[in-house]
Amino acid sequence: MSVMLKLARNDQGEPEIFRSIQGEGPAIGRPRTFVRLSGCNLHCVWCDTAYTWNWAGTPFAHQSGAKFDPSREMIKLSAAETADRIRALPSEGVVITGGEPLLQTDAVIEMIDALREHDHRALIEIETNGSIAPSDALVDRIDYFVVSPKLAHSGNDAAIALRPEALHRFAEMISASLKFVCKDASDVDAAAAIADQYGFPAQRIYIMPEGTTSEAIHARGLTLIEATIAHGFNYSDRLHIHLFGQKRGV
Ligand code: SF4
Numbered sequence: 153m154s155v156m157l158k159l160a161r162n163d164q165g166e167p168e169i170f171r172s173i174q175g176e177g178p179a180i181g182r183p184r185t186f187v188r189l190s191g192c193n194l195h196c197v198w199c200d201t202a203y204t205w206n207w208a209g210t211p212f213a214h215q216s217g218a219k220f221d222p223s224r225e226m227i228k229l230s231a232a233e234t235a236d237r238i239r240a241l242p243s244e245g246v247v248i249t250g251g252e253p254l255l256q257t258d259a260v261i262e263m264i265d266a267l268r269e270h271d272h273r274a275l276i277e278i279e280t281n282g283s284i285a286p287s288d289a290l291v292d293r294i295d296y297f298v299v300s301p302k303l304a305h306s307g308n309d310a311a312i313a314l315r316p317e318a319l320h321r322f323a324e325m326i327s328a329s330l331k332f333v334c335k336d337a338s339d340v341d342a343a344a345a346i347a348d349q350y351g352f353p354a355q356r357i358y359i360m361p362e363g364t365t366s367e368a369i370h371a372r373g374l375t376l377i378e379a380t381i382a383h384g385f386n387y388s389d390r391l392h393i394h395l396f397g398q399k400r401g402v
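Plus 152 on top of the position in the sequence shown (first one is 1) and you've got this note's numbering.
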């Protein structure tokens, strides 16, 4: 039986499926069609998509203080309709993001199969927080995983955010990189400790400044770059913030 996908909504109330450039990580600057799913198992205090999970009546802290109504922020679509909407915005690749997409693995698989029924070449990437091990069925369908484990400054309990079985699984796949949101140089060292523990090579590690304005990203980037270079990691900017600001659907 078909499983409905839970998607975030854009400012017009439509499903948040849009075409843009990838602003972060290994494919930075490449044209992509984004699909933003709703729901997350983590609760980062600086999350820039808190409208996917920080529902009214929940106890989760967020630096904005804002809470959201799921009936306004979430919309359910079938896999086939989601695939049709993605196809209407053709680009080099599709990025399934969130929220946390792996919470909806069965529906995501159905959507990918619906997409590839018409175009088996479709390049598909997933952005995940890395706390859920991907199933073999999902791994078989995904070209690239961008995994963003959450460090202590996110406010999540490490026992929930950093799951050894999931990180071991991603480490053994060459089609997975780690992207760490960092606030200061000590976070780069924490990222290095995780990379070492699970055997991720430096080329597959991206360090990205936390921030939702160009000014914050620039200032924070300067505090991270020395440690990033010293560890041999990649540095990731947040291009979409410079181009569009902190907005939905861009
Ligand atoms: S894991 Fe990602 S979507 Fe979930 S709360 Fe953290 S930043 Fe937001």
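Even for Gly, the Cβ is constructed at its ideal location relative to N, Cα and C.
Ranked by Cα distance from residue 377, the options 333, 173 and 284 are led by 333.
Bounds of the beta strand (DSSP E) holding residue 157 are 157 to 160.
About 4 Å separates the CB atoms of residue 401 and residue 162; that is less than 8 Å, so the two are in contact. DSSP places residue 222 outside any beta strand (DSSP E); the residue lies instead in the alpha helix (DSSP H), whose first and last residues are 222 to 225. In this structure, residue 241 keeps its C-beta atom at 9 Å or more from the C-beta atom of residue 182.
Counting only runs of 3 or more residues that sit fully inside the region 222 to 265, the beta strand (DSSP E) segments are 226 to 229 and 245 to 249, in chain order. For residue 305, the closest of 371, 370 and 215 by C-alpha to C-alpha distance is 215. Residue pairing by DSSP places residue 188 opposite 249 in a beta bridge. The beta carbon of residue 257 sits no closer than 8 Å to any heavy atom of the ligand SF4. Fewer than three beta-carbon pairs drawn from the region 342 to 359 and the region 198 to 205 are found closer than 8 Å, and the two stretches are therefore not classed as touching. Residue burial is scored here from C-beta neighbours: residue 221 has fewer than 16 other C-beta atoms within 10 angstroms and is therefore classed as exposed. Residue 179 sits in coil when the DSSP states are folded into three classes, being neither helix nor strand. DSSP places residue 328 in the uninterrupted beta strand (DSSP E) bounded by 328 to 334. Of all C-beta pairs linking the region 358 to 372 to the region 233 to 253, fewer than three are shorter than 8 Å, placing the two stretches out of contact.
Neighbourhood of the ligand SF4, defined by CB distance below 7 Å to any of its heavy atoms: 192, 194, 195, 196, 199, 200, 201, 202, 204, 205, 250, 251, 252, 281, 300, 302 and 306, in chain order.
Contact check for residue 295 and residue 327: beta-carbon distance about 6 Å, within the 8 Å limit, so the pair qualifies.
Separation of the CB atoms of residue 176 and residue 360 is rounded to 6 Å, and the pair is thereby assigned contact status at 8 Å. The C-alpha of residue 160 lies about 6 Å from the C-alpha of residue 167.
Per DSSP, the beta-bridge partners of residue 299 are 280 and 330.
For residue 322, there is no enclosing beta strand (DSSP E); the residue is found in the alpha helix (DSSP H) stretching over 316 to 323.
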